Amino acid sequence: MAEVANSSAITNESFSAGVLVAGYTGLILSCASFGTMFAPLRQNDTKDGFFVQWVQCSVVFLVGFLINVIRGFPPFQWIAGISGALYATGNVFSVPAVNGLGMGIAFLIWGSLQVIVGWSVSRFGLYGLLDPTEVKHDVLNYIGMIVTLISGVLFIFVKQNSEKSIENSNDEDQTSQILHMKDGQRCERVIVKMTTDSSTSETIERKKQSRPVADNVTIGEVLRKKSRYLLMTMGLATLHGLMMAPIEKLKQRYPSQDLFQVLDYTWSFYSTVFVFSTVYFFLYCVVRRKEAYVSSDLVLPSVGYGMLWTAGMTMWMLSSGVLLQVIAFPIVTRLPAIISAVLDVVVFKTITGRNNLIYLASAVGVGLLGVILIALSNQSF
Numbered sequence: 008m009a010e011v012a013n014s015s016a017i018t019n020e021s022f023s024a025g026v027l028v029a030g031y032t033g034l035i036l037s038c039a040s041f042g043t044m045f046a047p048l049r050q051n052d053t054k055d056g057f058f059v060q061w062v063q064c065s066v067v068f069l070v071g072f073l074i075n076v077i078r079g080f081p082p083f084q085w086i087a088g089i090s091g092a093l094y095a096t097g098n099v100f101s102v103p104a105v106n107g108l109g110m111g112i113a114f115l116i117w118g119s120l121q122v123i124v125g126w127s128v129s130r131f132g133l134y135g136l137l138d139p140t141e142v143k144h145d146v147l148n149y150i151g152m153i154v155t156l157i158s159g160v161l162f163i164f165v166k167q168n169s170e171k172s173i174e175n176s177n178d179e180d181q182t183s184q185i186l187h188m189k190d191g192q193r194c195e196r197v198i199v200k201m202t203t204d205s206s207t208s209e210t211i212e213r214k215k216q217s218r219p220v221a222d223n224v225t226i227g228e229v230l231r232k233k234s235r236y237l238l239m240t241m242g243l244a245t246l247h248g249l250m251m252a253p254i255e256k257l258k259q260r261y262p263s264q265d266l267f268q269v270l271d272y273t274w275s276f277y278s279t280v281f282v283f284s285t286v287y288f289f290l291y292c293v294v295r296r297k298e299a300y301v302s303s304d305l306v307l308p309s310v311g312y313g314m315l316w317t318a319g320m321t322m323w324m325l326s327s328g329v330l331l332q333v334i335a336f337p338i339v340t341r342l343p344a345i346i347s348a349v350l351d352v353v354v355f356k357t358i359t360g361r362n363n364l365i366y367l368a369s370a371v372g373v374g375l376l377g378v379i380l381i382a383l384s385n386q387s388f
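Heads up: the sequence shown begins at 8 in the working numbering, then just goes up one per residue.
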């Protein structure tokens, strides 16, 4: 095992400076794609997200087939298919986890656990199934990981303006509900859009008495209610953290100086993503029946989302062959969040306020420091 790990390090060292620069460039492009992939969906109500993820995975399937044609139809690798199953299964948990725990807590647990699992598997191996990878400066790599995790904690203090004004020019009936807590009472606002000749809108507000949360709900009850969402988030993070391990296993089993050999595994990976996504979407439609949410307005935004995800994943796979996964994984997990946050400030204006911007600047600064330390941990100096 040690020999395999050392051979991986030697292969990485044999790359020229130009190839290493290309590897980091590809990794940055991957992070840019992941950091902007939700932008096409920002102006749309995705509901439970099942239809969106199915359209996204359909795009992944088509791109994977195109790559397969270009590569001359390499044989299907069932090990790479495991990566697709891990991603698609984890993807199903993302929306309910965020809805149940809130975006801040869910993303903190999700991002932190994912980077820990992905980095640990790459660095130390996986019970003999995956060989460990050595870096040139262990201490620097460990410090970079810790700093990256601290950055994830800082991001939770950044608050977003989540209110969106949704305009609908159609003549269809539309009903939306907004629930919020105020002074220990539950206030439900039902906004009904009437389809009359004068296009009038009527707002009906009803107040329902409920017990004050602080007085009647114990911590145990809250934990029991949130526990399933916590398990979903942890399961999602673990699955996505292990997602690249099968690809790494194939790269170790069939070592090659061909930097594009990893593309031979994309069809096995991407087609399995689509198959499992289709199965989950079918089950969703069977269970929800008429309540299953499918909208033609979401098709093009979901296609854009799928194209960006596929571009990011493909560039990640290519760059990890040059930089090693122990370097690439923490960077590609943290940097997209930084890019997305910058877009929220500059483009979407959803992060405003002096304190918010200070928290964000701190999180971004610490995150960039962690990324730099991890990148330097495998360089000679």
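Just so you know, even glycine gets a beta-carbon here, dropped at the ideal spot from N, CA and C. Bear in mind that the values here come from a model prediction, so they are computed numbers and not experimental data.
| Check | Outcome |
| --- | --- |
| Ala24 classed as buried or exposed, judged by whether at least 16 other C-beta atoms fall within 10 angstroms | exposed |
| Continuous alpha helix (DSSP H) assignments of at least 4 residues falling wholly in the region 323-387 | 332-353 and 361-383 |
| Anticipated Cβ contact below 8 Å, Tyr287 with Val99, distance rounded | 5 Å |
| Close beta carbons around Asn126, own chain, < 7 Å, minus the five adjacent residues each side | Residue identity check: residue 126 is Trp in the sequence provided, not Asn. Only Met152, Val333, Phe336 and Pro337 meet the Cβ criterion. |
| CA nearest to the CA of Val122, picked from Val165, Val306 and Met241 | Met241 |
| Coarse secondary structure for Leu137, derived from DSSP in three states | strand |
| Beta-carbon gap between Leu380 and Val154 smaller than 8 Å | yes |
| Ile345 to Asp138 span [Cα, whole Å] | 31 Å |
| Segment contact flag, the region 270-285 with the region 79-95, C-beta cutoff 8 Å, min 3 pairs | yes |
| Candidates Leu249, Asp304, Leu48 and Thr273: closest to Trp117 by CA position | Leu249 |
| Contacts around Trp274, its chain only, beta-carbon distance under 6 Å, and the 5 residues preceding and following it disregarded | Gly71 and Asn75 |
| Cβ shell of Thr321 (< 7 Å), same chain only, five flanking positions each side left out | Thr273 |
| Length of the line joining the Cα atoms of Tyr300 and Phe57 | 8 Å |
| Nonlocal neighbours in the same chain, by C-beta distance under 7 Å from Lys389, ignoring five residues either side | Outside the displayed span of the chain (8 to 388) sits residue 389, for which this structure offers no information. |
| Three-pair Cβ contact test at 8 Å for the region 24-39 versus the region 229-239 | no |
| Distance CB(Ser101)-CB(Gly313) smaller than 8 Å | no |
| Cβ-Cβ distance between Ala244 and Leu383 below 8 Å | no |
| CB contact flag (Trp316, Ser37, <8 Å) | no |
| Host alpha helix (DSSP H) of Thr43 (start-end) | Ala24 to Thr43 |
| C-alpha gap between Ser284 and Phe267, whole angstroms | 27 Å |
| Continuous beta strand (DSSP E) assignments of at least 3 residues falling wholly in the region 93-153 | none |
| Arg49 (DSSP reduced to helix, strand or coil) | coil |
| Cβ-based burial, Gln50 [other Cβ within 10 Å; buried from 16] | exposed |
| DSSP three-state assignment for Asn75, whether helix, strand or coil | helix |
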